[in-house]
Structure formats: C-alpha cells, structure tokens
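Undergrad: Have a look at this one before I ask anything.
In my numbering, the protein residues as written are 9 to 389.
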C-alpha cells in the first residue's frame, strides 16, 4: 500500500494571515475621500468660472483611474490577493496575480498624470518666466516617458505576458530589472514632488503678508511634501515584487502604497483650487483677507472712475483673450504681477483685489504727491 503524502504544516496563524481586508478598507476609504476633494474642486471651478479648465479634466480622469485601480485590485483580492500562495488553489493564484499585474496600469497612471495638473496650476498661478516654465515642462514630459516605460515593462518582462501569472509557458527577465526601474521612477517622482512643493513655498516667502497666511498657502500649494514622503516609503515596499514564491502576499504592500501615493497627489492638486468654495461657506476671511475699501496707500478715498477686478497672478486663472499686465504697488503689499482681464470670469485661489484702473490710480497718486509738495511750502508745515 503506497504511503500517503504528509499534509503541509504551517506556522501558527500562517493560514489566517490576510492583508486583503486592510487594503480594501484603506484604498476604498482614501479614494472616496479623494473623490470628495475632486468634486469640491469641480464645484469650486464652476462656481468661479462656470467652466472647467484642462487641469480640471486631468484631475477627473485621474480619480477615474484611481477608482478603477481599487476595483481591479478588489478582484485580485477576491481570488486570494493578500494571502499566502501556499494556502491558495493554483487556479486562484493565477487569477490573483493576473489582476494584480493588470491593476498596476491604472495604479501607476493615477499617480503620474495628476502631476501635470499640478504643473498647469503652478504655471498659471505663479506665472514663471519662459526659461523656468520650459524647464518645468521638459522635466514633466521626461517624467511621463519614464513612467510610460514602467507600464511597458509591466507586461514586456515576460514573453508572452501571460507567463507572469502562469497563464502560458514562456520566459521572463530577471525580476530585479523591474524593481530597479521602479526604484529609479520612485526617486525621480520624489524629486519632482519636492520641486513642485518647494517652488511655491519660495515664491510665497517673498510676499508681504502675515506668516500665518504664508504658512496656510504654502501648505495648500505644497502638498507635494506629503506625496514625496509617501513615495519614499512606497519604494521600501518594492522588494515585494521579487518574492515570486509568495507573490500574492508580498506584493500587496506595493498595491496599498501605490494607491496612497496617487490619492496624495490628487488631493494636493485639489486643495489650492478650493478658495471659491471656502469663501462661499466661511466668507472672505477664510485666509485672513478683508473686503477692499478702495483706498490708496495714503488713506485717501479713491476717485470715482471705471474699476476693474484685478487678481494677483498667484490667485487666478485668467479667462478671456485680452490681458494687460501691471504691477501691484505697495498699496497692495506685493510686487507680484496681476492679470486684468475684460472677462468677469475668474478662477480665484487667494483673494480678489478691487482697484481703480491704472490710469485713474496713476492720476490719484500724482495728485496726492502735488498736494503734499504744496503743503510743505506753506508756513508752519
């Protein structure tokens, strides 16, 4: 009588280990929170401009990718993703690995593409010079190409691609190539995130405003610090891609932190655009602003005349084709450029500045100077 093969014995608790519920709970909750930020951004945009801009559509696309990522990852978890390979049926292992690999397409895209929305936002608000703007876009495009390479490697590392999940016989590269490439992409992503966070911080530091407002605005425009920190930690989980013998369990940390990174970038792209909504809820004092009183720097009331709504470049999306650039004087506590548009539609981030047209203000300043010069010549002055 042939001997019966002994059953495999696992360490205590081994069979019960399951990361799936945790991953589903965190990714679905965080993605739902991010969806609220995106909806708030869209509403805020419509509230202020009655239309959506290119970066708004990018953000909408990205939240759809993030939701798709969670959905595909949930399918992988339903087949045993998050559990040890040794306790799963071979057919379930195949399906779990297959959907995990597929999920990385919307997953990687969901943290790559939102960075372009951030770049567009900063280019509009901070109004960088031509050279700086060119560098910003060149780096963005190179980063996109590097990320596209990651998506290609995701499937090209095995021939045919189905060999990754045991769906066909084939050959695969050394898995370390994929991990090294992912680490390189992560390093570039961290540098890019920190750059997109540091740049507005430096610009805001030169503004004449209270430190509380600087801190609030730097935080809202500099959410890339958080995204960069998450990316650094995610890179420490990439070794899970090497553990092919227990892939369904080891890779799920990568699945989790990929989603967290994507949502951090998306939330960071939404926060700076929410001022119109916050202003509607809490009033113009939300950032410590006050209602303009149309007075000059000397305290004299402004003369009557055609007024235009100027919004500091760091706080507006200019709409319309006719633009006129001017400089904010000390009257408004800043030397930032403004964009005065004929259109009434503005995308406000910081606060509106209501002031007289340039010609009227110049005439008023000259009149005040003449009056002061006349008084200095009078006896007793």
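Idealized CB from N, CA, C, for every residue including glycine.
Since this is a predicted model, take the numbers as computed values, not measurements.
Can the beta-carbon of residue 78 be found closer than 8 Å to that of residue 267?
TA: Yes, Cβ-Cβ distance for residue 78 and residue 267 is below 8 Å.
Undergrad: Going by DSSP in three states, residue 167 sits in which element: helix, strand or coil?
TA: DSSP places residue 167 in strand when its eight states are reduced to three.
Undergrad: So the candidates are 152, 177 and 243; which of them puts its Cα closest to the Cα of residue 186?
TA: For the residues 152, 177 and 243, the minimum Cα distance to residue 186 belongs to 243.
Undergrad: Give every residue of the same chain whose Cβ lies closer than 7 Å to the Cβ of residue 176, excluding the five residues on either side of it in the sequence, and list them in chain order.
TA: Answer for residue 176: 168 and 170, listed in chain order.
Undergrad: Touching or not, the stretch 247–261 and the stretch 273–287, by the rule of three or more beta carbon pairs under 8 Å?
TA: In short, these stretches do not touch, since the Cβ pair count stays below three.
Undergrad: Are the CB atoms of residue 74 and residue 36 nearer to each other than 8 Å?
TA: No. Outside cutoff.
Undergrad: Are residue 208 and residue 226 close, meaning C-beta to C-beta below 8 Å?
TA: Their beta carbons are under 8 Å apart, which means residue 208 touches residue 226 by this criterion.
Undergrad: Please state the DSSP three-state secondary structure of residue 245.
TA: Residue 245 falls in the coil class under three-state DSSP.
Undergrad: In or out: residue 65 buried (at least 16 other Cβ within 10 Å) or exposed?
TA: Answer is exposed; the Cβ neighbour count stays below 16.
Undergrad: For the alpha helix (DSSP H) holding residue 195, just list the boundary residues, first then last.
TA: Residue 195 -> alpha helix (DSSP H) spans 183–213.
Undergrad: For the alpha helix (DSSP H) that residue 33 lies in, which residues bound it at each end?
TA: First-last of the alpha helix (DSSP H) with residue 33: 28–57.
Undergrad: So residue 428 and residue 71 are supposed to be a Cβ contact under 8 Å. How far apart are they, rounded?
TA: Past the boundaries of the shown model lies residue 428; the chain is included only from 9 to 389, so the question cannot be answered.
Undergrad: By a C-beta neighbour count over all protein chains shown, 10 Å radius and 16 as the cutoff for buried, is residue 241 buried or exposed?
TA: Exposed, since its Cβ has fewer than 16 Cβ neighbours within 10 Å.
Undergrad: Check whether the stretch 14–32 and the stretch 89–102 touch, using three or more Cβ-Cβ pairs below 8 Å as the test.
TA: These segments touch.
Undergrad: Which word fits residue 129, buried or exposed, when buried means at least 16 other C-beta atoms lie within 10 angstroms of its C-beta?
TA: Per the 10 Å Cβ criterion, buried.
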